[in-house]
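Heads up, the thing below is written out as structure tokens.
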Amino acid sequence: MDKKGSFWTFSLEFYADPSVAGICVDLQDRHSSDVNILLFVLWCASRHRRLSPHELGRVVASVSGWQNEVVRPLRGVRRNLKQFALDLALESIVDLREAVKKQELEAERLQQSLMEAKFGEIGSPASDRAATASSNVELYATLVGQVFPTAYVIALVARLQAIRPN
Numbered sequence: 008m009d010k011k012g013s014f015w016t017f018s019l020e021f022y023a024d025p026s027v028a029g030i031c032v033d034l035q036d037r038h039s040s041d042v043n044i045l046l047f048v049l050w051c052a053s054r055h056r057r058l059s060p061h062e063l064g065r066v067v068a069s070v071s072g073w074q075n076e077v078v079r080p081l082r083g084v085r086r087n088l089k090q091f092a093l094d095l096a097l098e099s100i101v102d103l104r105e106a107v108k109k110q111e112l113e114a115e116r117l118q119q120s121l122m123e124a125k126f127g128e129i130g131s132p133a134s135d136r137a138a139t140a141s142s143n144v145e146l147y148a149t150l151v152g153q154v155f156p157t158a159y160v161i162a163l164v165a166r167l168q169a170i171r172p173n
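8 is the number of the first residue of the sequence shown in the working numbering; add one for each residue after it.
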């Protein structure tokens, strides 16, 4: 399966906290971010890697087509099916939604595999992982033209420290 320390393994562990998952989805829905890129910048920080604007720009550019043409459409279908399932109360719609959800998750896993293969070694060495995590997240916010809520950044850094203490 996935190797220990892989981006996907890190993401599953990091995202397992429901409050962190909620933050990630809110940043995605209201702050123009991609959860996989947000997780990537945190994974880099967990490995003591500080990203430059140029490096992060390359990562974002490399996956934007996949995000726009595969992941987001699957997410949209999944979310739309949720309302249909509620309105029509048909078990077959619930089953279809679950199948789409699995495909969306697989598309995200593939995106992460690509990111790790192409960019797993980018970034400059950094000693303070918490400061690096904050820096990487803030860099991503700037790249997408947003200011992420300070409480969110603090919570994300705290989660990183909880699952990967120095």
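Think of the CB as a built atom: it goes at the ideal place given N, C-alpha and C, for glycine as much as any other residue. All of these numbers come straight from a predicted model, not from anything done at the bench.
Starting from Ser131, follow its DSSP beta bridges and name the residues at the other end.
The residue labelled residue 131 in the question sits at position 124 within the sequence shown. Partner(s): Arg57.
Find the nearest neighbour of Leu146 within the set Val160, Ser134 and Asp135, judged by alpha-carbon distance.
Residue mapping note: residue 146 aligns to position 139 of the sequence shown, counting from 1. When only C-alpha atoms are compared, the closest one is Val160.
Buried or exposed, going by whether 16 or more other CB atoms sit within 10 Å of the CB of Glu115?
On the sequence shown, position 108 is the one that residue 115 refers to. Glu115 is buried by the Cβ-count criterion.
Would Val67 and Arg85 qualify as a contact pair, given that the criterion is a beta-carbon distance under 7 Å?
Numbered from 1 along the sequence shown, position 60 holds the residue referred to as residue 67. Numbered from 1 along the sequence shown, position 78 holds the residue referred to as residue 85. Contact flag unset, no.
Pick from Pro80, Gly130, Ala92 and Asp24: whose alpha carbon is nearest that of Leu112?
By 1-based counting over the sequence shown, the position of residue 112 is 105. It is Pro80 whose Cα lies nearest to the Cα of Leu112.
Starting from the Cα of Ala137, find the closest Cα among Gln168, Phe17, Ser59 and Ala124 and give me that residue.
Looking up residue 137 in the sequence shown gives position 130. Among Gln168, Phe17, Ser59 and Ala124, the Cα nearest to that of Ala137 belongs to Gln168.
In chain order, which alpha helix (DSSP H) runs of at least 4 residues are fully inside the segment 71 to 119?
79 to 95
Could you tell me the distance, in whole angstroms, from the CA atom of Val70 to the CA atom of Met122?
Within the sequence shown, numbered from 1, the residue matching residue 70 stands at position 63. Within the sequence shown, numbered from 1, the residue matching residue 122 stands at position 115. About 8 Å.
Would DSSP call Gly152 helix, strand or coil?
Working through the sequence shown from its first residue, we reach residue 152 at position 145. Three-state DSSP puts Gly152 in coil, outside helix and strand.
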